[in-house]
Structures are given as structure tokens and as C-alpha cells.
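**Q**
Chains as they are written, first to last, in the numbering used here: chain A, 39 to 410; chain B, 764 to 1129.
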């Protein structure tokens, strides 16, 4: 009892100076999954650590994980703004409206929203990666590795980012092997290892011998390994979850963008608003200059064989330098057989803005329809 | 053989003493766990207790606590009415969800109005939906004598799937969001921050307070309240008095269902503005309300304090999570410890626990 009393006294004494060390800039992160998801959220947290490492004591960081994408997100983002965070990264598409809501209430706080496209106030910037460049490489590899010509694709939510990944993959895969059929299963979750594993199992049972995922856990790779089929890692390097199954991982690399933005906030050059949307692909500018947000990691050379490995690397280089685009207009058709607007007006390939940001149609060759 | 009998000599002093013991137990155990688990326990504890005055916006911080307390208080009071009548409705979460769905459905049925006259209609629609949802276990209980504990709980999951269905299916917004949701109600139909400018300090709070007072008066000072009291303490006397058990089941289920439903509507109109799938729509208010009912010893005044306590602690936990990177699950832990302490102290002070020989089994227990 005495100890408890002394604890209370200590607590009372600390009231006056409880706010802690004062860094120049407080940076907060909102994560949709757990830091240990070994995929999407894990990579964002690596970005947060890169900030800490780069700026040392000048910056302090924190995060709130497992935040649902609804009103609870408004509360969590508000909490970060209320506790004096100057720069807040919200790292899931579903935080788009919550981030805009809170940003309107806290005009002095800077907000960075990943993968969204709404910036209602001047204190929001958005950023995203051209993940679809990685999907092109996966499409090439899948087209050469499949024996059943059936690819299982585990998708999260029918939003543009996921749909353009499916399109980029299918387009490239069918270019090399027109008999390929992509079987898409929607799990309606970003992170749910049980559901993801269930989907992988169902796809393999239905004849798929390669699993592609747009969800955050390594569960599908593990299922592929145990069932003796192939899989691609998503968001972080998942090679260790399937030494035989894993073909290559698309790794998100947010480090250099995060450091840039924190530096800008420290320098007073940070800006947001209507045009503040940053997209990096394999390279920063899409023309081969600078390391971007998308990285291909741990090609499984042994399984791919040297010829396919070399072909995939060459494709990666072409995409890195901008010699190749993921969506060339030549022969490109929508699922309904029509030609996309900008292709009809003579563009060489689909453009990021606005087509790829908002597009919600499948390309020709996908037999399923987008869930309504 | 352990035998538990109600003490005949329980006084107000006993009751207060048991509350005091529960409070001390809760404080000691929670503090102990916080000190074992927190990275900076002293800061964590002090900020947990004083977070509205730690540098944030005071109104925002208080609104977090009061807003949650409003949901827990009204729904907890509704549930306490059931429990007093020995009716075990643990499905407030589902009745709350249906309240939200019912309110949104009402808005659609009215032709998507943008004028403020729709607000009372939506609240009534939500109350009716919650009432209808609660009528299912009431019907099953009175007609088929099914265990309402099971049916009311299972209907929570049916309601959760209904949320998923409407936000993915017929009511899905034309612009796709992840996760799927309906369109957002027009601002003119929302209970927005009319007075304070703080978004969570919305007109739903005075409505909830008004409801709470009315229901509390009903429980404390009306024949219906007296009937509950008789049913709670001496079920046999209730039967002798001519109170129909079936009518009691219906009354308490419908009343608590309507209260949860109207809170679901307030949540829709004041806090969220749209219907979405369950993991993003539901926040466990309906389950915490069960805790609040028992923490408050099924008495309106106790429930008011219990709701304020849990609301305040939850606000503090989210504060220390954001400010100190502590785990906010301490709030859930404190909730559970408070409940266990309350139940345990009530058990030992209001009941006599005795160890008897096997012969005692043959004795008639009261």
C-alpha cells in the first residue's frame, strides 16, 4: 500500500512537466495494420525508423497501429494532432476522408496521406507509388512459370489502386501467353492472414499454380509454399516465407520520400493542397533518375532459371528508365472492348493523372467483373 | 459445498462500502499493471488521469469522454432494466447497429431529404429498428422459451453482417471507398457541432442526457419501476402481484432495444454520417454498456458514474497512446478489472458465502 501511495505522489509530482522531451518536429503515423504485419505497415514503419535515424534528436516520431478505416481513424488522427504532432502520415487509402476531416480542423498541422486522391485543404499532400510497374514484371514471370495457365489473384478492395495492379499484371501476362486466365478473389480486408490463406487455398484448389496477392500478410506465400505452387511477395521482402514458392517481391520503399518531406517541414518549404501529389515508381521521376518507391527484391534465380531472370531484370531496367510503360496503348482495350479515351486520342500509353488514379475498369482479357 | 445466500441485513452502508472496496481494488490493480507494462509509467498514469489539461484542446478532450459516456450510459441504463427483470439481453451492440441502419433506411425512405425536419424522423426510425431487432429475442423467449442470452448475442452477428450487406450492396456509394460505405448524409441532416464548434460535441449529447433522465425517472419513481424492483428482488411476489412475466420480457426488451437503436441513430447522425461495414462502424459500445450496467449496480445513478468513468478512461488511454506511444488496451483492462472488483465486492458484502457439509444440499435455498 505504501508503494502505491508513493507511486501516486510521484505521479502527482510529474504532472507539471509530463509532456516530455521537446524535438523540433513531432511526426506521427497512423497504420491500418500491426507493425509486425511483415508487409505494408511494416514497410511504412521502416520509413518511420529511417526518419529517426536520419534526423536523430531533431525529430521525434510515434505511431498508432491497427486503426480501422472509419470514425475510429478520425479519433486517432485527432489524437495525434491534439498531442502536438506537426506532421502526420496516414498510410492507408481508407484514411482519405478521415484525414481530410481532421486536416480541416487543424490547419496548422501538416498531413500526408498515402495512396489517396483527395486534398481538400492546403495542409494535405498525398503520395503513392507506381506499384503497377512491379506488377508488369510479375506478369512476365507468371506467364512463363505457369503450367496450368491459371493465376490466382488475392485482392483486397475494389479500389483504383488494386484494379490497376490487376490490369497491369494481366496485360503483361497475356501478352506473353494469351491462354492465361486470372482468377480474382476479393477478401475485403487489407490484413487478415486467415482470410488471405483461405483465399490462396481456394485458388489453388481451383487450379491456380501461381498466387499473386494485393493484401498485406505473408500467409498466401506460406500457403503456396506448403502446396508446392509459386507466389509473389507483397509490400516487403517475403522470400523467407516460401524459399521454393517465392518468385520475387514488390517492396515498398518510403524512406527517401519520408525523409524529403520531413526535411521540407523542417525547412519551412513543405506544401500541400490541390496539386501536392507525389508518385514515384521504380525510379523517382519515371525516367531513370533516383531511387523510387518501388523495389523488386529477392528474385528467386534458382527457380526462375537464368534466361527468365535475365528477361525480368531487363524489363525492370526498361521500366526504371521509362523506356517501357506498364500500359502501352498499342492494342489496349477495356473489358467491354472499347478503347480507352486517351489511347483513342493518340497517346502512347495511359497516363497516371487522371486515368490511372481513378480508373475502375478492367482491361480486356479478364473474365470476371469488379464487385459492385 | 459452497453456498451463497443473500444477506438479509444489507444496509446502505454495506453498499457504499462495497463500492469503495471495488474502487480501491480497481485503482490498485490497474496502477500495478500500468507500472508493470508501461514504458513511462509515471507519465502514463498522470496523463491518463489529467489528459484534458495536458496541452490539447480541452473541449476536444472532454468531448471524447462525454461522447463515449453518452453511448455507454443510455445503453447501459436500458440493459439494466432488462437485468433487473432477470432478462439477459446482451445484444445491445446489434440493436445499436440496427439503429444506425434503420435511421439511414428512414432517410432513404423519406426520399433523401436535406432539411433538418428529417433529424427527428431518423432518430425515431433508429429507435424503431432497435426495438424491432430486440423484439426477436423477446418473441423467441415468450413463445418458444429460448434462452435470450444466446439469441440476443447471436443477433449481434446477424446485425454485423447486415451492416456489411447494406454498405456493400444496395446502399453502396457510387464512389468506391475501402472499406465500402454508403454515401454521407447531408450536413444539414447531421447532428453537427451546432453550439461548440468541436465536432464530437454535437447535439446528440443533450438528447442522450434527456433520454437518460427520463428513463432514470421511469425506473426510480413510476409503477413500472416498482414492478421491476419487485421482479428483481422477489420474482415470486411479482407473480403473486399479477405481473405477467411475458409482458415484462416484452416491455424490457422493447425499451432497451429502442434505447440502443436511438443511440445507433445518434451515432450515425452525430459521429459518423454514413453506414459502413461492421469493423469500422461498431466500436463495442453495446458490450461495454453491459459492463457499465453492472458497474453501476443496475442503478441509474451508479450507471451514470460508471459511464463517465469508462468514457474518461478510454479518452485518457487514447491520449497516452498518441502522446507516449503506450498501449491503449489499458482502457479495456481497467474496464474488466473494475467489473470484476465490483462483482466480487458485491458478492462478499451482499451475500453470505459459507462452506457446508454435503447435507446442506438437501436444504431449501431461498
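For every residue, glycine included, the Cβ atom is placed at its ideal position computed from N, Cα and C.
Quick test of your reading: residue 847 (chain B) and residue 983 (chain B), contact by CB under 8 Å. State the CB separation rounded to the nearest angstrom.
**A** Wrong, their Cβ atoms sit about 12 Å apart, outside the cutoff.
**Q** Determine, using beta carbons only, whether residue 1044 (chain B) comes closer than 8 Å to chain A.
**A** Taking Cβ atoms only, chain A reaches closer than 8 Å to residue 1044 (chain B), which makes this a yes.
**Q** Closer than 7 Å to a non-hydrogen atom of the ligand MN - does that hold for the CB of residue 204 (chain A)?
**A** Among the components modelled here there is no ligand, and therefore nothing to report on the ligand MN.
**Q** In terms of residues, what are the limits of the alpha helix (DSSP H) holding residue 260 (chain A)?
**A** Run containing residue 260 (chain A): 257-265, per the alpha helix (DSSP H) assignment.
**Q** Can you look up residue 134 (chain A) in the DSSP assignment and give me helix, strand or coil?
**A** Helix at residue 134 (chain A).
**Q** If we count the other Cβ atoms within 10 Å of its Cβ and call it buried at 16 or more, is residue 62 (chain A) buried or exposed?
**A** Exposed.
**Q** Give the single residue among A:243, A:301 and A:69 whose Cα lies nearest to the Cα of residue 186 (chain A).
**A** The shortest C-alpha separation from residue 186 (chain A) is found at A:243.
**Q** Under a three-way DSSP split, which group does residue 1054 (chain B) fall into?
**A** Helix, per DSSP.
**Q** From the DSSP output, which residues share a beta bridge with residue 166 (chain A)?
**A** DSSP output for residue 166 (chain A) lists A:317 as bridge partner(s).
**Q** How about residue 287 (chain A) and residue 275 (chain A): do their beta carbons lie closer than 8 Å?
**A** For residue 287 (chain A) and residue 275 (chain A), yes; Cβs fall inside 8 Å.
**Q** Closest by CA to residue 849 (chain B), which one among B:1076, B:1075, B:1012 and B:766?
**A** Residue 849 (chain B) has its Cα closest to that of B:1012, out of B:1076, B:1075, B:1012 and B:766.
**Q** Could you tell me whether the Cβ of residue 778 (chain B) comes closer than 8 Å to any Cβ of chain A?
**A** It does not: the Cβ of residue 778 (chain B) has no partner Cβ on chain A nearer than 8 Å.
**Q** Please name the residue, chosen from B:774, B:1104, B:907 and B:969, that lies closest to residue 829 (chain B) on a Cα-to-Cα basis.
**A** Selected option, being the one with the closest Cα: B:969.
**Q** Opposite residue 151 (chain A) in the DSSP bridges: which residues?
**A** According to DSSP, residue 151 (chain A) bridges with A:128 and A:164.
**Q** To which residues does DSSP link residue 268 (chain A) through a beta bridge?
**A** Partner(s): A:248.
**Q** If the criterion is Cβ atoms closer than 8 Å, does the pair residue 66 (chain A) and residue 101 (chain A) meet it?
**A** For residue 66 (chain A) and residue 101 (chain A), yes; Cβs fall inside 8 Å.
**Q** According to a CB-to-CB cut-off of less than 7 Å, which residues of the stretch 1076-1107 of chain B neighbour chain A?
**A** The residues in question are 1081, 1082, 1084, 1085, 1086 and 1088.
**Q** Identify, in the order they occur along the chain, each residue of the same chain with its Cβ nearer than 6 Å to the Cβ of residue 209 (chain A), setting aside the five sequence neighbours on each side.
**A** Cβ neighbours of residue 209 (chain A) beyond the five flanking positions: 401.
**Q** If you drop the 5 nearest sequence neighbours on each side, which residues of the same chain put their C-beta closer than 8 Å to that of residue 181 (chain A)?
**A** Here the set comprises 210, 211, 212, 213, 214, 215 and 218.
**Q** Determine whether the Cβ of residue 942 (chain B) lies closer than 8 Å to any Cβ atom of chain A.
**A** Cβ-Cβ to chain A under 8 Å: yes for residue 942 (chain B).
**Q** Can you pull the chain A neighbours of residue 1138 (chain B), defined as C-beta to C-beta under 7 Å?
**A** Residue 1138 (chain B) is absent from the structure shown; chain B starts at 764 and stops at 1129.
**Q** List, in order along the chain, the chain B residues whose C-beta lies closer than 7 Å to that of residue 109 (chain A)?
**A** Chain B residues near residue 109 (chain A): 1034 and 1035.
**Q** Which residue from A:130, A:280, A:259 and A:135 puts its Cα closest to that of residue 232 (chain A)?
**A** That would be A:259, whose Cα lies nearest to the Cα of residue 232 (chain A).
**Q** With 7 Å as the limit, tell me which residues of the stretch 117-133 of chain A have their beta carbon closer than that to any beta carbon of chain B; keep them in chain order.
**A** Answer in chain order: 117, 118, 120, 121, 122, 131 and 132.
**Q** In terms of alpha-carbon separation, which member of B:851, B:942 and B:876 lies closest to residue 1016 (chain B)?
**A** Checking every option, the nearest Cα to that of residue 1016 (chain B) belongs to B:851.
**Q** Quick check on residue 223 (chain A): buried or exposed, where buried means 16 or more other Cβ atoms within 10 Å of its Cβ?
**A** By the neighbour-count rule (16 or more Cβ atoms within 10 Å), residue 223 (chain A) is buried.
**Q** Which two residues bound the contiguous beta strand (DSSP E) that contains residue 64 (chain A)?
**A** It spans 63-68 - the beta strand (DSSP E) in which residue 64 (chain A) sits, taken as one unbroken run.
**Q** Step through the CB atoms of chain A and report whether any lies within less than 8 Å of the CB of residue 819 (chain B).
**A** So, interface residue.
**Q** May I ask you to list the residues that DSSP assigns as paired with residue 334 (chain A)?
**A** Per DSSP, A:288.
**Q** Could you tell me whether any Cβ in chain A is nearer than 8 Å to the Cβ of residue 823 (chain B)?
**A** So, interface residue.
**Q** For the alpha helix (DSSP H) that contains residue 976 (chain B), what are its first and last residues?
**A** Looking at the DSSP string, the run of the alpha helix (DSSP H) that includes residue 976 (chain B) is 967-984.
**Q** What residues from chain A crowd round residue 1039 (chain B), counting only those whose CB sits closer than 7 Å?
**A** Going along chain A in sequence order, the residues near residue 1039 (chain B) (Cβ under 7 Å) are 108.
**Q** To which residues of the same chain is residue 1004 (chain B) closer than 7 Å at the C-beta, ignoring the five residues directly before and after it?
**A** Closer than 7 Å at the Cβ level, and outside the excluded window around residue 1004 (chain B), lie 993.
**Q** Among B:1031, B:921, B:824 and B:1114, which residue has its Cα nearest to the Cα of residue 890 (chain B)?
**A** It is B:1031 whose Cα lies nearest to the Cα of residue 890 (chain B).
**Q** I'd like to confirm the pairing. Which residues does DSSP put opposite residue 767 (chain B) in its beta bridges?
**A** Residue 767 (chain B) pairs with B:1116.
**Q** Out of curiosity, what's the CA-to-CA distance linking residue 868 (chain B) and residue 206 (chain A)?
**A** Looking at the two C-alpha atoms, the distance is approximately 39 Å.
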